[in-house]
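Asks:
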Amino acid sequence: MLQNSIKSAGWLVLSLGLLSSGAAADEPQVMNTNHIEIATFGGGCFWCTEAVFQRIPGVKSVSSGYAGGYTTNPTYQQVCTGTTGHAEVIQIEFNPQVVSYRKLLDCFWDAHDPTTLNRQGADVGTQYRSIVLYHNEAQKAAAEASRLEAQKKSRSPIVTEIAPLRQFYKAEADHQDYFNRNPDQPYCRLVIRPKVEKIEKELRPRTP
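Be aware that the sequence shown starts at 1, since it is given in the numbering used here, and climbs by one per residue.
1. What ranges does the alpha helix (DSSP H) occupy inside the region 167 to 204, keeping only unbroken runs of at least 4 residues that lie completely in it?
2. Throw me the rounded Cβ distance for the V52 and A111 pair, which I believe falls under 8 angstroms.
3. Put V52 into one of helix, strand or coil per three-state DSSP.
4. Taking only three categories from DSSP, how would you classify D110?
5. Can you tell me whether T72 is buried or exposed? The criterion is at least 16 other CB atoms within 10 Å of its CB, across all chains shown.
6. Would you please state the rounded distance, in angstroms, between the beta carbons of T40 and F168? I believe it to be under 8 angstroms.
7. With a CB to CB cut of under 6 angstroms and the five nearest residues on each side skipped, what residues in its chain are close to S63?
8. Mind checking whether V79 and Q127 have CB atoms under 8 angstroms apart?
9. Specify, as a first and last residue, the run of the alpha helix (DSSP H) that L148 falls within.
10. Within its chain, find whatever has a CB closer than 6 angstroms to the CB of K140; leave out the 5 residues flanking it on each side and keep chain order.
11. Can you say whether K195 is buried or exposed, counting buried as having 16 or more other CB atoms within 10 angstroms of its CB?
12. Between which two residues does the alpha helix (DSSP H) holding Y66 run?
13. Around the Cβ of Y70, are there at least 16 other Cβ atoms within 10 angstroms (buried) or fewer (exposed)?
14. Just grab the DSSP bridge partners of Y134 for me.
15. Would you decide whether R204 is buried or exposed? Buried here means 16 or more other CB atoms lie within 10 Å of its CB.
16. Is the Cβ-Cβ distance between H86 and P96 less than 8 angstroms?
17. Rounding to the nearest angstrom, what Cα-Cα distance links Q176 and N182 in this structure?
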């Protein structure tokens, strides 16, 4: 009698466990949309790259700053001298479930000319160099693979530097969200607006 009771109890526990696991398997899986990763790129004047990446779905925030050099807490005036080793860069917070790091790299190549050494248009100096600063080994591998793919499409050698991020220094408040706050400024109208319009056109849904 006792054995039968134990067996019955055992089957009851097992049955409840199976039902429970079955119900869990049938429940819809909720995607975690709060996961955020960080990317750091330099592609010339950070006013330009900031404005472009702000418009990409999945990008949560973009901050302009300085990285890749050796001067601690540099100012904009110091970086402009080209003696700090830093480049003007942007740091991007993004949701990888909406936009992948590889997709951001694709946009990076399109947002500037990676074949001009220490120069983007009229902006000349090491602070305007093309650079990808990776945060981990996975980003390093993705950046190197992406650069190879971009090189296949380019007639000129790509000079983009790929290096580990040591420290990111956020730029002064006047440089944050620059294009959105100063759309009629001459540099914004002549240099940044065409890049923004290009990315907005690429992101616009295509009609069949």
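A virtual CB, placed ideally from N, CA and C, is assigned to each residue, including glycine.
Bear in mind that the values here come from a model prediction, so they are computed numbers and not experimental data.
Replies: Quick look at the numbers:
1. 178 to 181, 193 to 203
2. Position 52 of the sequence shown, counting from 1, holds the residue named residue 52. Position 111 of the sequence shown, counting from 1, holds the residue named residue 111. Rounded, the Cβ-Cβ distance is 5 angstroms, consistent with contact.
3. Position 52 of the sequence shown, counted from the start, is the residue given in the question as residue 52. Note: V52 maps to helix in three-state DSSP.
4. To locate residue 110, count along the sequence shown from 1; it is residue 110. The answer is helix: DSSP assigns D110 an H, G or I state.
5. Translated into positions along the sequence shown, residue 72 becomes position 72. Answer is exposed; the Cβ neighbour count stays below 16.
6. For the purposes of this step, residue 40 is taken as residue 40 along the sequence shown, with counting starting at 1. For the purposes of this step, residue 168 is taken as residue 168 along the sequence shown, with counting starting at 1. Yes, they are in contact, since the Cβ atoms of T40 and F168 sit about 6 angstroms apart, within 8 angstroms.
7. Looking up residue 63 in the sequence shown gives position 63. Only Q91, K170 meet the Cβ criterion.
8. Taking the first residue of the sequence shown as 1, we reach residue 79 at position 79. Taking the first residue of the sequence shown as 1, we reach residue 127 at position 127. Cβ atoms of V79 and Q127: closer than 8 angstroms.
9. What you label residue 148 is simply residue 148 of the sequence shown in a count that begins at 1. Note, L148: alpha helix (DSSP H), 137 to 152.
10. Numbered from its first residue, the sequence shown carries residue 140 at position 140. Contacts found: Y134.
11. Counting from 1 along the sequence shown, the entry for residue 195 is found at position 195. Buried: at least 16 other Cβ atoms inside 10 Å.
12. As a working mapping, residue 66 is identified with position 66 in the sequence shown. No alpha helix (DSSP H) contains Y66, which is instead part of the beta strand (DSSP E) from 59 to 67.
13. The residue labelled residue 70 in the question sits at position 70 within the sequence shown. Classification of Y70: exposed, given that the 10 Å Cβ count is below 16.
14. For the purposes of this step, residue 134 is taken as the residue at position 134 of the sequence shown. Looking at the DSSP assignment, Y134 forms a beta bridge with P164.
15. The count along the sequence shown starts at 1 and reaches residue 204 at position 204. R204 should be labelled exposed.
16. The count along the sequence shown starts at 1 and reaches residue 86 at position 86. The count along the sequence shown starts at 1 and reaches residue 96 at position 96. Not a contact, by the Cβ cut-off of 8 angstroms.
17. For the purposes of this step, residue 176 is taken as residue 176 along the sequence shown, with counting starting at 1. For the purposes of this step, residue 182 is taken as residue 182 along the sequence shown, with counting starting at 1. Taking the straight line from one Cα to the other gives about 11 angstroms.
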